[in-house]
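Following the numbering used here from start to finish, the sequence shown increments by one per residue and tops out at 257.
Where a beta carbon is used, it is the ideal one built from N, C-alpha and C, also for glycine.
What follows is a set of notes on a single structure, which appears directly below.
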Amino acid sequence: MVNKGDPQMTDYRSILLWLHDGRSYTQIASYLGCSRRTISHARTVLDAQGFSAADITALSTTDLEILFPDHRRRDPGRFVQPDFEAIAHRRKTRTRITRKVEWERYRKLPAAPGLEFYSYPQFCSLFDDYVHEHELTTQLDHLPGENMQVDWAGETMTVVDPLSSQRYRVYLFVASLPHSGMIYACGCLDMRMRNWLASHQQAFRYFGGVPRVVIPDNAATATSQVAQGTRVRDLTDEYFKFSTHFGFGAVAARS
């Protein structure tokens, strides 16, 4: 089941297979000796890619290194290199071109003897890196029910108690489904964790279900900076536990 020659210290292949098999986080953590945070990360990748058990088994070491960036090592000399500049330009000017279409176009490029083509997950990961490194924006391909984006709105509102005339500042929680464009918003008297989590639950009820992935846009309630000077953010412990309880993967956006 596991490629014993896999150089990664974390056995992501087994984690993915166990998740696909419906095993609980507790079972996986106990048997494989990995953290629940690692399992949650693997859950997010599995949901995003839609792998079958056969797909997971067929993943090469390079595929795993690309899917889980903390352990990736690349040898560009082994692969036909995509023209990401041209791809980014096409996706900017022609909105109906998806990553899958671009990957299929890439696979038709002439290849010198001995060179390989990147798999679709590798291609997507490398393209994301290109967009980030060049400070570009890219068209995102959203699937129905795939993810929900959440944040506190920048502006506040004021409400007045009709009996006491007391004025209260209200902070707006906003959740959106990017595929359909549906939006849920509610007001809270503060931006503390209790209201943050309660607003998530209200959004789930409004949308009629829990998405596979929730993306908090750097809200301090949900994420924190890993280290000073880095753009990478991590989930707060309480928000991570909440995401595990409701069974969605949470992805901290870059600052």
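_Contact belief for Gly251 with Thr46 at Cβ below 8 Å, rounded distance in angstroms_ = Indexing the sequence shown from 1 puts residue 251 at position 249. Indexing the sequence shown from 1 puts residue 46 at position 44. Indeed they touch by this definition, with Cβ atoms about 3 Å apart.
*Under 8 Å, do Gln151 and Ile217 count as touching if we go by C-beta distance?*
Stepping through the sequence shown from its first residue, residue 151 is reached at position 149. Stepping through the sequence shown from its first residue, residue 217 is reached at position 215. Cβ atoms of Gln151 and Ile217: closer than 8 Å.
*asked:* Closest to Leu66 by C-alpha separation, out of Lys102, Ala187 and Leu48, would be which residue?
replied: Position 64 of the sequence shown holds residue 66. Leu66 has its Cα closest to that of Leu48, out of Lys102, Ala187 and Leu48.
_Between the alpha carbons of Ser62 and Ala113, how many angstroms are there, rounded?_
Numbered from 1 along the sequence shown, position 60 holds the residue referred to as residue 62. Numbered from 1 along the sequence shown, position 111 holds the residue referred to as residue 113. So the alpha carbons of these two residues sit roughly 20 Å apart.
*Alpha carbon to alpha carbon, how far is Met184 from Leu237? Give it in angstroms, no decimals.*
Taking the sequence shown and counting its residues from 1, the one referred to as residue 237 is at position 235. Taking the sequence shown and counting its residues from 1, the one referred to as residue 184 is at position 182. Approximately 25 Å, taken between the alpha carbons.
*Consult DSSP for Val216 and reduce its assignment to one of helix, strand or coil.*
Working through the sequence shown from its first residue, we reach residue 216 at position 214. Reduced to three states, the DSSP call for Val216 is strand.
_Using C-beta distances below 6 Å, list every residue in its chain close to Val82, excluding the 5 sequence neighbours before and after it, in chain order._
Start at 1 with the first residue of the sequence shown, and residue 82 comes out as number 80. Result list for Val82: Leu111, Ala113, Leu117 and Phe119, in chain order.
*Along the chain, where does the alpha helix (DSSP H) that runs through Glu106 open and close?*
Here residue 106 refers to the residue found at position 104 when the sequence shown is read from its first residue. It spans Arg101 to Arg109 - the alpha helix (DSSP H) in which Glu106 sits, taken as one unbroken run.
*Whole angstroms is fine: what's the gap from Ser182's alpha carbon to Arg25's?*
Here residue 182 refers to the residue found at position 180 of the sequence shown. Here residue 25 refers to the residue found at position 23 of the sequence shown. Spanning the two alpha carbons is a distance of roughly 31 Å.
*Would you check if the distance between the CB atom of Cys36 and the CB atom of Ile17 is smaller than 8 Å?*
What you label residue 36 is simply residue 34 of the sequence shown in a count that begins at 1. What you label residue 17 is simply residue 15 of the sequence shown in a count that begins at 1. Between Cys36 and Ile17, the C-beta spacing is below 8 Å.
_Reference Arg171, options Leu179, Glu157, Ala205 and Thr64, closest by Cα_ = Counted from its first residue, the sequence shown places residue 171 at position 169. For the residues Leu179, Glu157, Ala205 and Thr64, the minimum Cα distance to Arg171 belongs to Glu157.
*Assign Gln151 to one of three DSSP states: helix, strand, or coil.*
Residue 151 sits at position 149 when you count from the first residue of the sequence shown. Strand.
*Work out the CA separation of Leu199 and Phe242 for me, nearest whole Å.*
Taking the first residue of the sequence shown as 1, we reach residue 242 at position 240. Taking the first residue of the sequence shown as 1, we reach residue 199 at position 197. Approximately 11 Å between the Cα atoms of the pair.
*Continuous alpha helix (DSSP H) stretch holding Met195: start and end*: The residue labelled residue 195 in the question sits at position 193 within the sequence shown. Taken as a continuous stretch (DSSP letters only), the alpha helix (DSSP H) holding Met195 covers Met195 to Phe209.
*Please state whether DSSP places Phe125 in a helix, a strand or coil.*
In the sequence shown, the residue the question calls residue 125 occupies position 123. Helix at Phe125.
*Please name the residue, chosen from Ser42, Ala56, Pro115 and Phe53, that lies closest to Gly79 on a Cα-to-Cα basis.*
On the sequence shown, residue 79 is found 77 positions in, with the first residue counted as 1. Among Ser42, Ala56, Pro115 and Phe53, the Cα nearest to that of Gly79 belongs to Pro115.
*Alpha-carbon to alpha-carbon, Arg169 and Asp163*: In the sequence shown, counting from the first residue as 1, residue 163 sits at position 161. In the sequence shown, counting from the first residue as 1, residue 169 sits at position 167. If you take the alpha carbons of Asp163 and Arg169, they lie about 6 Å apart.
*Figure out for me which residue from Ala44, Leu19, Phe70 and Arg39 has the closest Cα to the Cα of Ala56.*
For the purposes of this step, residue 56 is identified with residue 54 of the sequence shown, where counting begins at 1. Closest by alpha carbon: Leu19.
*Thr160 classed as buried or exposed, judged by whether at least 16 other C-beta atoms fall within 10 angstroms*: Locating residue 160 in the sequence shown gives position 158, where the first residue counts as 1. Result: exposed.
*From Ala50 to Asp23, what does the alpha carbon distance come to, in whole angstroms?*
What you label residue 50 is simply residue 48 of the sequence shown in a count that begins at 1. What you label residue 23 is simply residue 21 of the sequence shown in a count that begins at 1. Roughly 16 Å separates the two Cα atoms.
*Measure the alpha-carbon distance for Ile99 versus Leu69 and round it to whole angstroms.*
As a working mapping, residue 99 is identified with position 97 in the sequence shown. As a working mapping, residue 69 is identified with position 67 in the sequence shown. Their Cα atoms are separated by approximately 23 Å.
*Neighbour-count burial assignment, Arg15, 16 or more Cβ in a 10 Å radius*: Counting from 1 along the sequence shown, the entry for residue 15 is found at position 13. Arg15 comes out buried.
*Hey, would you say Ser42 sits closer than 8 Å to Ser245, going by beta carbons?*
What you label residue 42 is simply residue 40 of the sequence shown in a count that begins at 1. What you label residue 245 is simply residue 243 of the sequence shown in a count that begins at 1. Yes, these two residues count as a Cβ contact at 8 Å.
*Beta-ladder partner(s) of Val133, from DSSP*: In the sequence shown, counting from the first residue as 1, residue 133 sits at position 131. According to DSSP, Val133 bridges with nothing at all.
*DSSP state of Asp72 mapped onto helix, strand, coil*: To locate residue 72, count along the sequence shown from 1; it is residue 70. In this predicted model, Asp72 has a pLDDT of only 49, less than 50, meaning its place in the structure is not dependable; the value taken from the coordinates is given anyway. In this structure, Asp72 counts as helix in the three-state DSSP scheme.
*So, are the CB atoms of Phe125 and Pro84 less than 8 Å apart?*
Position 123 of the sequence shown, counted from the first residue, corresponds to residue 125. Position 82 of the sequence shown, counted from the first residue, corresponds to residue 84. If you check the CB distance, Phe125 and Pro84 come in under 8 Å.
*Give the DSSP bridge partners of Tyr173, in chain order.*
Taking the first residue of the sequence shown as position 1, residue 173 is located at position 171. Answer is Thr158 and Cys190, bridged to Tyr173.
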